[in-house]
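Engineer: Have a look at this one before I ask anything.
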Amino acid sequence: MQKDKKKAVLELLSKIPKGKVVTYKQISDFLDINSPQFVGKILGNNPDPSKYPCHRVVYRDGKLSPKYSFGGEKAQKKKLEEEGVRFSGDRVDLKRSLYLFVGTPR
DNA sequence: TATTTGGCGGTTG
DNA sequence: TCAACCGCCAAAT
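Counting from 30, one number per residue, gives the positions in the first sequence under our numbering.
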């Protein structure tokens with residue numbers, strides 16, 4: 030039971046700078062996880078939400094998660110806008126606010 | 001753009 | 001230890 034992946038995901042979340050967002054796909058790819066949805070599951074099982082900014086993780090299309098457990102998409106969007114994330118309607122402007130991971134995966 | 005299908009791995013019993 | 005379940009997705013249609 031290598032929770033290594035889970036731990037790594039949580040670690041990455043804390044690495045996301047304010048005003049930027051990342052996609053589940055990037056995380057899964059960076060950590061070599063064959064299942065992006067699994068990343069979402071981890072956020073759902075997030076042991077410490079306040080420690081990990083799961084609201085900075087979005088769909089690959091820029092859409093937010095309808096199942097966001099901290100107030101819904103609405104609150105999530107608002108929070109991101111406050112941080113300076115560019116929005117195109119209900120979607121995040123990935124071209125402007127997408128954060129690229131740097132360094133080596135653990 | 002909206003909806004449907006597929007599929008991976010940690011968690012729990 | 002083993003098997004079954006469940007999830008904040010991505011890609012295809």
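We put the beta carbon where it would ideally sit given N, CA and C, even for glycine. Bear in mind the structure is a predicted one, so any value in this text is a computation, not a measurement.
So what does DSSP say about Val50, is it helix, strand or coil?
Structural biologist: Counting from one through the first sequence, the residue named residue 50 turns up at place 21. If DSSP states are grouped into helix, strand and coil, Val50 belongs with the strands.
Engineer: Since Arg115 and Lys92 are thought to touch, with beta carbons under 8 Å apart, how far apart are those beta carbons, to the nearest angstrom?
Structural biologist: Counting from 1 along the first sequence, the entry for residue 115 is found at position 86. Counting from 1 along the first sequence, the entry for residue 92 is found at position 63. So it is not a contact: roughly 14 Å between Cβ atoms.
Engineer: Run through the DSSP bridge pairs and tell me what Arg120 is partnered with.
Structural biologist: Position 91 of the first sequence holds residue 120. According to DSSP, which records beta bridges pairwise, Arg120 is partnered with Ser117.
Engineer: Counting only the same chain and skipping the five closest in sequence on each side, list residues whose C-beta sits under 8 Å from that of Pro78.
Structural biologist: Here residue 78 refers to the residue found at position 49 when the first sequence is read from its first residue. Result list for Pro78: Ser98 and Phe99, in chain order.
Engineer: Who are the near neighbours of Lys108 in its chain, counting only those whose CB is closer than 7 Å to its CB and skipping five residues on each side?
Structural biologist: Stepping through the first sequence from its first residue, residue 108 is reached at position 79. So the list reads His84, once near-sequence residues are dropped.
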